[in-house]
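According to the numbering used here, the stretch in the sequence shown is residues 77 to 374, in order.
What follows is a short report on a single structure.
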Amino acid sequence: MAKKSALNQIISRTCVGIVNSMVSWKQSSRTALADFLGTVTWYVLARRRHIALTNLRLCFPDWTEEKRTATAKQVFRNLVRAALDHSVLAKGSAEQVQAMVKFTGKEKFLELCDEGPLIVVAPHFVGLDAGGIAINTFRRGASLYQTQSNPIWDKWAYDARTRFSDPVLIPKSNSAMKQVIRVIREPLPFYYLPDMDHGERNSVFVPFFGVQAATLPMVSKLAKLTKAKVIWGIAETTDEGYIMHLSDPLENFPTDDPVADTERLNRELEQFILRHPDQYLWTHRRFKTRPQGEPPVY
77 MAKKSALNQI ISRTCVGIVN SMVSWKQSSR TALADFLGTV TWYVLARRRH IALTNLRLCF
137 PDWTEEKRTA TAKQVFRNLV RAALDHSVLA KGSAEQVQAM VKFTGKEKFL ELCDEGPLIV
197 VAPHFVGLDA GGIAINTFRR GASLYQTQSN PIWDKWAYDA RTRFSDPVLI PKSNSAMKQV
257 IRVIREPLPF YYLPDMDHGE RNSVFVPFFG VQAATLPMVS KLAKLTKAKV IWGIAETTDE
317 GYIMHLSDPL ENFPTDDPVA DTERLNRELE QFILRHPDQY LWTHRRFKTR PQGEPPVY
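Below, the structure written as structure tokens:
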């Protein structure tokens with residue numbers, strides 16, 4: 077066991093070193109390598125391949141199997157590309173990060189930050205980290221942080237996310253929401269990723285592409301509690317890098333019905349996904365928690 081752990085650390089350090097060395101590569105070169113490695117991982121990571129295809133079958137039953145497979149393969153390529161682009165996020169200058177990640181709605185975003193509490197709803201598109209770190213190059217913010225099981229990958233990811241503006245990263249825990257409320261009220265823009273299945277506890281079942289999905293209603297509840305405005309932060313992958321789309325504040329949000337608010341967010345998220353379905357994190361078990369009486373899907 078000790079030898080296996082030592083070998084894993086050596087492999088992890090080597091991979092981190094290789095990725096970091098790509099900081100000076102052209103985007104086209106990283107993308108070309110990602111296309112090759114993404115195709116390899118498609119065949120190697122059978123479990124993730126199964127999860128992605130299951131999600132796409134559930135959400136897009138009218139698609140052909142060929143279209144679902146092609147989309148899932150591109151998801152793998154995009155995920156590998158996002159990993160390789162972490163070279164810039166981890167080692168590049170603020171100017172290099174800003175050259176890789178462009179923004180729409182930046183001026184309005186800065187105005188909203190100065191006006192008061194703000195929540196940026198950032199769904200799990202593959203460019204998620206690029207958008208979040210790029211924001212920190214010009215504005216200090218806060219977010220939740222999930223500790224990784226591999227300590228080397230964990231340190232690499234953590235260090236990349238804290239390089240600029242000294243952002244507040246709150247480890248996920250039972251008491252995390254108290255800290256979240258505090259930083260929103262400070263106020264720091266809160267970069268929030270709510271579109272994951274965190275189990276039945278504290279979740280509500282609302283439709284996601286017509287499938288009941290366990291979803292935390294925390295965007296509505298936090299906005300209500302802190303009087304924060306809510307905007308979308310959608311990270312789009314492009315041939316040149318990324319575009320972080322920061323929306324105007326959501327109108328008539330929140331309401332007194334957090335379930336209805338959460339259902340609305342899912343509907344709006346669906347529209348963003350339909351624009352770039354191969355850029356969403358379909359490798360996550362979005363439907364692992366099922367309503368009572370429904371069988372597992374994975």
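Glycine is no exception: its CB is placed at the ideal position from the N, C-alpha and C atoms.
- In this structure, residue 163 places its C-beta atom within 7 Å of the C-beta atom of residue 99.
- For the set 142, 104, 149 and 291, the Cα lying nearest the Cα of residue 116 is the one of 149.
- CA-to-CA, the gap between residue 358 and residue 152 works out to about 9 Å.
- Look at the beta carbons and you see the stretch 231-242 not touching the stretch 253-268: under three pairs across the two are nearer than 8 Å.
- Here the stretch 122-141 does not lie against the stretch 194-203, with fewer than 3 beta-carbon pairs under 8 Å apart.
- In the DSSP assignment, residue 172 is bridged to no other residue.
- Residue 348: member of the alpha helix (DSSP H) spanning 334-351, first to last residue.
- With fewer than 16 other Cβ atoms inside 10 Å of its own Cβ, residue 87 counts as exposed.
- The DSSP-derived three-state label of residue 309 is strand.
- For the stretch 105-145, there is no continuous beta strand (DSSP E) assignment of 3+ residues that stays within its boundaries.
- Judged by their CB atoms, residue 196 and residue 319 are not nearer to each other than the 7 Å cut-off.
- Annotated three-state conformation of residue 264 is coil, per DSSP.
- Between residue 337 and residue 330, the gap from beta carbon to beta carbon is short of 7 Å.
- Look at residue 253 here: in three-state DSSP terms it is helix.
- In this model, residue 270 and residue 254 are separated by some 17 Å (Cα to Cα).
- Closest by C-alpha distance to residue 247, out of 220, 228 and 233, is 220.
- A straight line joining the alpha-carbon of residue 90 with that of residue 288 spans about 42 Å.
- About 6 Å separates the beta carbons of residue 374 and residue 361, which is inside the 8 Å limit, making them a contact pair.
- Of the other Cβ atoms in all chains shown, 16 or more fall within 10 Å of the Cβ of residue 296; this residue is therefore buried.
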